[in-house]
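With my numbering as the guide, the letters of the sequence shown map in order to residues 51 to 312. Just so you know, even glycine gets a beta-carbon here, dropped at the ideal spot from N, CA and C. Below: one structure, written as structure tokens.
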Amino acid sequence: MSSAPMRYREIAPSDRVSGLVASLWEFTANDSLKPGHLHSIPLDGCVSVAYARSSNGGSRVVFVGPRLESLQVAIFPNDIIWGIRFLPGASRPAIGKSGEEWFGKSGLLAYEMPDLVRALGGLHSVASLEEAAPLLEGLVQSNSPCPEVMRGVYAITASQGTVKVSELPDLVGLSERQFQRLFRSEVGLTPKQYSRICRLRGTAIDVARARSINWGEIAAERGFADQSHLIHEFQSLFGISPGEFEGRFLAEIEHGDMRLDL
């Protein structure tokens, strides 16, 4: 069994919301964690809503928008956090807030959407992510996302960020200007920015799953120009070097199932 003081895992959404939701996730800390530990949340290009419960019974509901820099949060022993990650471009039809509206933002959801906080009141009495999932999915409205944007998102995701951005407008049937404008308004990021994040997230998951790590091989497999390019992207988007990610981040967090397909 892992001795890591924190654990992260994801589960797939139900079929009802799978066109809008990337995953449901859980982040927990055990009592060996130093109080107030600063945890860096890796980028994923998504909007998340999360319910956090502390060991003293207090709770809060927070949101995190898409961003270009890792977000640091303080974690305490025995914290439990359950969240829902919306597919890039799907948060507006799902909960009424686009990625652009929440770009670079995070905070208490009560100040933004108090009705959603009230809808999650039942989370106070559940004990697992599997029990929390139906309540989190209950936030999701049944509106359809922009099809052109989602085709672009799926193309980037399927290629793990290696598709040529210049090919996307033709793929979705829009002019380059129309596609760039629509994509940013729904996702909160440009197609190029999301591609960078998608490729780096895939790289991070590769490393978390690997028993032995060869950064040169990973750089080649993930489409980076070379290992130096991978290192630069890690430091630029995650705020740490690949070595720090491998030696410290992975030692602190046990990773369960994670979804590469978003």
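Burial state of L88 is exposed, judged by a 10 Å Cβ sphere holding fewer than 16 other Cβ atoms. Taking a cut-off of 8 Å for Cβ pairs, the segment 107–125 and the segment 273–281 do not touch, as fewer than three such pairs fall below it.
Distance between G149 and A260, taken at the CA atoms: about 32 Å. The straight-line gap separating the alpha-carbon atoms of E296 and G266 is approximately 14 Å. When DSSP states are grouped into helix, strand and coil, F284 belongs to the helix group. Between L137 and V71, the CB-CB gap stays under 8 Å. Assignment of beta-bridge partners to S90 by DSSP yields Q122. Cβ-Cβ separation between E60 and D307: approximately 6 Å, consistent with a contact (criterion under 8 Å). Judged by DSSP in its simplified three-state form, L158 adopts strand.
Put simply, of P143, N264, P241 and F284 the residue whose alpha carbon is nearest the alpha carbon of C196 is P143. Taken atom to atom, the span from the alpha-carbon of I91 to that of K84 is near 17 Å. For A270, the uninterrupted alpha helix (DSSP H) run begins and ends at W265 to E271, by DSSP.
Where I206 is concerned, the enclosing alpha helix (DSSP H) starts and stops at P197 to A208.
Secondary structure of V111 (DSSP, three-state): strand. Contact between F113 and G157 is confirmed by a C-beta separation of about 7 Å, below the 8 Å threshold. By the C-beta density criterion, G188 is exposed, having fewer than 16 other C-beta atoms within 10 angstroms. Around the beta carbon of T207, 16 or more other beta carbons lie within 10 angstroms, which makes this residue buried.
The beta carbon of A140 sits closer than 6 Å to the beta carbons of L70 and P195 from its chain, once the five residues preceding and following it are set aside; these are given in chain order.
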